[in-house]
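Quick note on the working numbering: the sequence shown kicks off at 626 and runs consecutively. In what follows, a structure is listed as structure tokens, so that the remarks can point back to it.
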Amino acid sequence: MAAVDFRAEAEALFAYTQALRRDFHRHPELGFEEHRSAGIVAAELRKWGLEVTERVGKTGVVGVLRGAEAGPTVLVRADMDALPIQEENQTDYVSQNPGVMHACGHDGHMAMALTVARILSQHRDALHGTVKFVFQPAEEGLGGAESMVKDGVLEGVDYALAMHLWNEKPLGWLGIADGPTMAAADRFQVRIVGKGGHAAHPDLTEDPVLAAAQVVNALQSIVSRHVDPLEAAVVSVTMVQAGTAFNIIPQDARLEGTIRTFEPQVTSEVRSRFVRVVHGVAQAMGCRAEIDLAPLTPAVINHPAVAAVVREAAAEVLPDAAVDAQARTMGSEDMALMMYDIPGCYFFVGSANAAKGLDWPHHHPRFDFDERALPAGVAVMAAAVVRVLAQRPA
Ligand code: NI
């Protein structure tokens, strides 16, 4: 392996990374509307000599970098979309797009991936294979990964890597887990059908409001009574809707929410309990239930051998970092679709700095991160790409 000091190279390009990040931050774009961002990404990738394909999965961009030697292909994914949030920060790079904000750090993800592409383009001799940089639109629940996968972005890919700036942890922390690291997410929509009537004569009705209340309660027994206490699961009812007037018992009631799990056997157990509880309780209350339980994304599961190589890369470039090999969040990520059949690693780069007030959570109107996290992420990713191609973990 060529001895490249990726930390020094990432530091030397900090001004480049920061300028890109701030430009993206000033001009945030919602999912599948990332036209300006995609244009900049494509132009930068071409500048560094990559083969660029635009409009992959609608507004996505792919840049291919071929190493000096033949070998496997590693995909490096960065997401590009912003959120429908009015920014409340007062920085000179504050969002110029009213009601839209990079409040999750995807501006940083684009800037870091472009810097990795720039660095690796100058070290093709160190690359034993091909790097496919994938700039994905619409990560925030809009199906951007699915859209790129449908357009064939995974063809010929042997490994998949991605990273996320993480404001729940301070600068200097890295989360590089073995196995599941982000949760599988399901969305449920339930309609409880009863028999409406006059509020003064509930005896002549089958009250779907009472049934819905019992269902919400009973659902809380799934995690507490049916999931191994050493496993993680969430069942959250987030919407309850019924009725039109104070003196009418309505015909039906609607519930919506989400299920989050990590392990496939927990996912299927929670799903089947969910269906049983909803039908059973509704029926016991004289109603019936219609259930739409749809998987949104599978869990993001790191391949232990790939994660081990990424931890080696981190130890090489950031020997002082605090590495958490058990990092997990109940959040979900559509990168799971790109890692479903492909061994990969999704890691987190601590980006909070409480002393500077840079520790607001993701998706908050005051979210901002310490930009010193950018060269850290760049160095780890660049070193990880080189190591994965050279070592071919399996
Ligand atoms: Ni995000």
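Built from N, CA and C at the ideal position, the CB exists for glycine as well. This structure is a prediction, so every number in the text was calculated from the model and none was measured.
Could you check the C-alpha separation between residue i and residue j for me, to the nearest Å?
| i | j | result |
| --- | --- | --- |
| Glu-941 | His-748 | 17 Å |
| Gly-821 | Val-840 | 18 Å |
| Ala-1007 | His-989 | 30 Å |
| His-904 | Gln-845 | 15 Å |
| Val-782 | Val-677 | 16 Å |
| Ala-663 | His-727 | 15 Å |
| Asp-877 | Asp-706 | 37 Å |
| Asp-630 | Ala-1001 | 13 Å |
| Asp-993 | Glu-915 | 42 Å |
| Gly-688 | Gln-721 | 28 Å |
| Thr-716 | Leu-790 | 19 Å |
| Arg-901 | Arg-953 | 29 Å |
| Ala-907 | Ala-837 | 7 Å |
| Thr-886 | Glu-958 | 13 Å |
| Arg-850 | Met-955 | 19 Å |
| Thr-863 | Ala-667 | 39 Å |
| Asn-978 | Asp-995 | 6 Å |
| Tyr-971 | Ala-1009 | 11 Å |
| Tyr-965 | His-928 | 10 Å |
| Val-848 | Asp-803 | 24 Å |
| Pro-795 | Thr-806 | 18 Å |
| Cys-912 | Gly-868 | 15 Å |
| Gly-830 | Ala-870 | What sits at residue 830 in the sequence shown is Thr, not Gly. Computed Cα separation, rounded: 15 Å. |
| Gln-814 | Phe-760 | 32 Å |
| Glu-793 | Asp-917 | 33 Å |
| Ile-884 | Ala-810 | 6 Å |
| Arg-936 | Phe-973 | 12 Å |
| Ala-980 | Leu-700 | 36 Å |
| Val-778 | Val-719 | 33 Å |
| Leu-708 | His-987 | 10 Å |
Between residue i and the ligand NI, is the CB less than 7 Å from at least one heavy atom?
| i | result |
| --- | --- |
| Glu-669 | no |
| Gly-685 | no |
| His-789 | yes |
| Gly-570 | This structure cannot settle anything about residue 570, because the visible part of the chain is limited to 626 through 1019. |
| Glu-764 | yes |
| Asp-995 | no |
| Asp-959 | no |
| Asp-750 | no |
| Asp-704 | yes |
Based on the DSSP secondary-structure assignment, which residues constitute the bridge partners of residue i?
| i | result |
| --- | --- |
| Ser-861 | Thr-883 |
| Phe-758 | Gly-688 and Val-701 |
| Val-818 | Asp-877 and Arg-913 |
| Gln-711 | DSSP lists no partner for Gln-711. |
| Glu-764 | In the DSSP output, where bridge partners are listed per residue, Glu-764 has none listed. |
| Asn-978 | Leu-983 |
| His-823 | Ile-873 |
Within the same chain, show all residues whose beta-carbon is closer than 7 Å to that of residue i, passing over the 5 residues directly before and after it, in chain order.
| i | result |
| --- | --- |
| Val-891 | Val-852, Glu-856 and Ala-858 |
| Ala-627 | Its pLDDT being 47, under 50, Ala-627 is placed unreliably in this model, and the value from its coordinates should be taken loosely. Cβ neighbours of Ala-627 beyond the five flanking positions: His-748, Asp-750 and Ala-751. |
| Thr-698 | Gly-754, Thr-755, Lys-757, Gly-781, Val-782 and Asp-783 |
| Ala-640 | none |
| Ala-938 | Val-1005, Ala-1008, Ala-1009 and Arg-1012 |
| Thr-642 | Ala-736, Met-737, Thr-740, Leu-999, Pro-1000 and Val-1003 |
Do residue j and residue i have their beta-carbon atoms positioned less than 8 Å apart in this structure?
| i | j | result |
| --- | --- | --- |
| Val-934 | Gln-1016 | yes |
| Arg-1032 | Glu-654 | Residue 1032 is absent from the model: the chain starts at 626 and stops at 1019. |
| Asp-776 | His-734 | no |
| Ala-736 | Leu-983 | no |
| Val-931 | Gly-975 | no |
| Ala-738 | Phe-657 | no |
| Ala-808 | Ala-924 | yes |
| Ala-644 | Ala-1004 | no |
| Arg-812 | Leu-921 | yes |
| Ala-946 | Trp-798 | yes |
| Gly-882 | Ser-897 | no |
| Gly-682 | Met-773 | yes |
| Arg-671 | Leu-943 | no |
| Gly-724 | Gln-711 | yes |
| Gly-685 | Gly-766 | no |
| Pro-875 | Pro-833 | yes |
| Leu-962 | Met-910 | no |
| Ile-744 | Leu-638 | yes |
Apart from the five residues just before and just after residue i, which ones in its own chain have a Cβ nearer than 6 Å to its Cβ?
| i | result |
| --- | --- |
| Asn-714 | Arg-991 and Asp-993 |
| Ala-866 | The residue asked about is misnamed: residue 866 is Gln in this sequence, not Ala. Cβ neighbours of Gln-866 beyond the five flanking positions: Arg-879. |
| Ala-693 | Arg-749 and Asp-750 |
Under 7 Å: does the beta carbon of residue i sit that close to some heavy atom of the ligand SAM?
| i | result |
| --- | --- |
| Leu-796 | Although the ligand SAM was asked about, the structure shown includes only the ligand NI as ligands. |
Got a sec? Which residues, its chain only, sit under 8 Å from residue i by beta carbon, not counting five neighbours each side?
| i | result |
| --- | --- |
| Ser-746 | Trp-673, Gly-674, Leu-675 and Leu-690 |
| Asn-872 | His-823, Ala-824 and Ala-825 |
| Ala-1019 | Ala-930 and Pro-968 |
Within 8 Å (strictly less), CB to CB, does residue i reach chain C?
| i | result |
| --- | --- |
| Glu-764 | You won't find chain C in this structure, because it holds only one protein chain. |
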